[in-house]
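In the working numbering, the protein residues as written are 1261 to 1754.
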């Protein structure tokens, strides 16, 4: 009996993997991680952190450091949440962090907007965050939106946190990632999200916002404000991105394997922390060590070392069978040019092949996270479609092998396959991937992909004003929060 053939892999399903670590490497890294957590531990824990962790079985030493017995770490890993879903306001955009699915999205704290048309940088504004969100809403290969910029036109931390989140959730129905400066800023944000969702219970059932919690100051110290934020977000039902971002050679060991050890140890400590607060709370393994340029000490976001670090940490997450994320696409180039293209393409592709469920900072970033470009969102969306389709592999069932078609064509047939009804569009183009080619242009007036993206950005921003938050709901939000909302109605299409 002939075995049933599998369905073609969907975009995002793995056809192969990039594995920079051998099984022996993984075992040695894991052993080193447990040793570091048990013998070095973490400094600077706040009282509520000490209470939660020691209550779970961690040990507070006379030197004030919290240490993690191996059994505590192993038990936490075994009991941690798996098969997490990150919800969108629109269920079509739910992200299922299971199996071999990979999802690309934005993130970052860029302080400059890259103007591709004028080839300049300027300070980022709240309007830019909203504009980026509404562009992402219509870009099929960018699956989630985490704020990629800092609104430099807002100084107050509460106003900054609140308006950043407002701009994100008003701009897209895809899952939104955010962060908060201090614990106190979480409460009004949750109240806003509850209103949009139709009540606290509805939001808790489908939380369409997650919190990136960089609770650690590398090397191996707790960050006081970030720990308070993480505790508040866990209580509020937000999924947590347990994030460590040490930089190799500066705040993490220069040897790549050592940077992986420290970063994985820091993230697992955060996983213990989250589960001590609420067992089984949705938490995502986010070990993001960054590479350094040895000549300057600056971050080298587009380097091969960065690709290796991200893929190795994703491989460790696969070893632990935890929902995972990595960072890629962080080109060192200041503009969308050929350097930007190859650095983003290579690092995003290797991240996709590494097995990470979520790839942050995958689109739009420039200058090693210092700049963000709206035009690059459009360009990178095509590039990510290429990554997804390449990763998905091909179908090789009886029909696709085409033996009968080859025979008909060659033995008395036309000798070619034109008109056979078997086009290649479905196999060469991912959703939203334009494959903009030379022959489609006016061959007497040469243009380039950046000019195309500039024009497309202008068109989309003139036409696309999402209305999933109704005018009535927005009136209620503005009545409740008053002058706290800084994005004017006119900037949102009126």
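Don't be surprised by glycine CBs; every beta carbon is placed ideally from N, CA and C.
One or two residues paired with residue i in a DSSP bridge
| i | result |
| --- | --- |
| residue 1504 | 1547 |
| residue 1470 | 1437 |
| residue 1349 | Answer by DSSP bridge pairing: none, since residue 1349 is not bridged. |
| residue 1626 | 1631 |
| residue 1364 | 1619 |
| residue 1725 | DSSP output for residue 1725 lists no bridge partner at all. |
| residue 1477 | 1481 |
Backbone secondary structure at residue i - three-state DSSP
| i | result |
| --- | --- |
| residue 1642 | helix |
| residue 1518 | helix |
| residue 1511 | coil |
| residue 1375 | strand |
| residue 1355 | strand |
| residue 1457 | helix |
| residue 1340 | coil |
| residue 1688 | For residue 1688, the pLDDT reaches just 46, beneath the cut-off of 50, and the residue's location in the model is therefore unreliable, leaving the point undetermined. |
| residue 1712 | helix |
| residue 1271 | For residue 1271, the pLDDT reaches just 41, beneath the cut-off of 50, and the residue's location in the model is therefore unreliable, although a value from the coordinates is still provided. Here residue 1271 sits in coil by DSSP. |
| residue 1370 | strand |
| residue 1699 | For residue 1699, the pLDDT reaches just 48, beneath the cut-off of 50, and the residue's location in the model is therefore unreliable, leaving the point undetermined. |
| residue 1409 | strand |
| residue 1746 | coil |
| residue 1448 | helix |
| residue 1264 | Low confidence applies here, because residue 1264 scores a pLDDT of 41, under 50, leaving its location unreliable and the question unanswered by this model. |
Host beta strand (DSSP E) of residue i (start-end)
| i | result |
| --- | --- |
| residue 1619 | 1618 to 1620 |
| residue 1438 | 1435 to 1438 |
| residue 1344 | 1344 to 1346 |
| residue 1404 | 1404 to 1406 |
Element boundaries [alpha helix (DSSP H), containing residue i]
| i | result |
| --- | --- |
| residue 1423 | 1417 to 1431 |
| residue 1387 | 1386 to 1396 |
| residue 1735 | 1731 to 1741 |
| residue 1380 | Note, residue 1380: premise wrong, no alpha helix (DSSP H); beta strand (DSSP E) at 1380 to 1383. |
| residue 1754 | Looking at the DSSP string, residue 1754 is not in any alpha helix (DSSP H), and its letter there is neither H nor E. |
| residue 1668 | 1663 to 1670 |
| residue 1495 | 1484 to 1495 |
Chain C within 8 Å of residue i, Cβ atoms only
| i | result |
| --- | --- |
| residue 1618 | Checking the listed chains, one finds no chain C in this structure; it contains a single protein chain. |
Handout entry: Any beta strand (DSSP E) of 3 or more consecutive residues that is wholly inside the region 1534 to 1604
Key = Residue ranges of uninterrupted beta strand (DSSP E) with 3 or more members, entirely inside the region 1534 to 1604 and ordered along the chain, are 1543 to 1547, 1585 to 1587.
Practice task
Mind the definition here: the region 1594 to 1609 touches the region 1665 to 1676 only if three or more C-beta pairs lie below 8 Å; say whether that holds.
Solution key: Contact between the region 1594 to 1609 and the region 1665 to 1676 is absent, because fewer than three Cβ pairs lie under 8 Å.
Exercise for the section: Write down every uninterrupted run of the alpha helix (DSSP H) in the region 1279 to 1332 whose length is 4 residues or greater and which is fully enclosed by it, in chain order. Expected result: Counting whole runs of 4 or more residues, the region 1279 to 1332 contains the alpha helix (DSSP H) stretches 1283 to 1299, 1307 to 1316.
Practice task
Taking 8 Å as the threshold, find out whether the region 1425 to 1435 comes into contact with the region 1393 to 1413 through three or more Cβ pairs.
Solution key: Of all C-beta pairs linking the region 1425 to 1435 to the region 1393 to 1413, three or more are shorter than 8 Å, placing the two stretches in contact.
Exercise for the section: Please confirm if the region 1643 to 1658 is in contact with the region 1408 to 1417, defined as three or more CB-CB distances below 8 Å between the two stretches. Expected result: Judged by pairs of C-beta atoms under 8 Å, the region 1643 to 1658 does not touch the region 1408 to 1417, as fewer than three such pairs exist.
Handout entry: Cβ pair count under 8 Å reaching 3, the region 1285 to 1294 against the region 1458 to 1476
Key = The region 1285 to 1294, when compared against the region 1458 to 1476, does not touch it at the 8 Å Cβ threshold.
Problem - Cβ contact (3+ pairs, closer than 8 Å) linking the region 1402 to 1411 and the region 1370 to 1389 - result: Taking 8 Å as the limit for Cβ pairs, the verdict is that the region 1370 to 1389 does touch the region 1402 to 1411.
Practice task
Would you check if the region 1502 to 1509 and the region 1534 to 1554 touch, i.e. whether three or more CB-CB distances between them fall below 8 Å?
Solution key: Touching, per the Cβ criterion.
Practice task
Check whether the region 1603 to 1613 touches the region 1343 to 1359, counting contact only when three or more Cβ pairs, one atom from each stretch, lie closer than 8 Å.
Solution key: The region 1603 to 1613 makes no contact with the region 1343 to 1359, as fewer than three CB pairs between them are under 8 Å.
Problem - Segment contact flag, the region 1555 to 1566 with the region 1353 to 1360, C-beta cutoff 8 Å, min 3 pairs - result: Fewer than three Cβ pairs drawn from the region 1555 to 1566 and the region 1353 to 1360 lie within less than 8 Å of each other, which leaves the two stretches out of contact.
Problem - Three-pair Cβ contact test at 8 Å for the region 1465 to 1472 versus the region 1733 to 1751 - result: A contact is defined here as three or more CB-CB pairs under 8 Å, and the region 1465 to 1472 fails this definition with respect to the region 1733 to 1751.
Practice task
Report yes or no: do the region 1515 to 1532 and the region 1331 to 1342 share at least 3 C-beta pairs separated by less than 8 Å?
Solution key: They touch, by the three-pair rule.
Practice task
Could you tell me whether the region 1585 to 1595 touches the region 1610 to 1629, where touching means 3 or more Cβ pairs closer than 8 Å?
Solution key: These segments touch.
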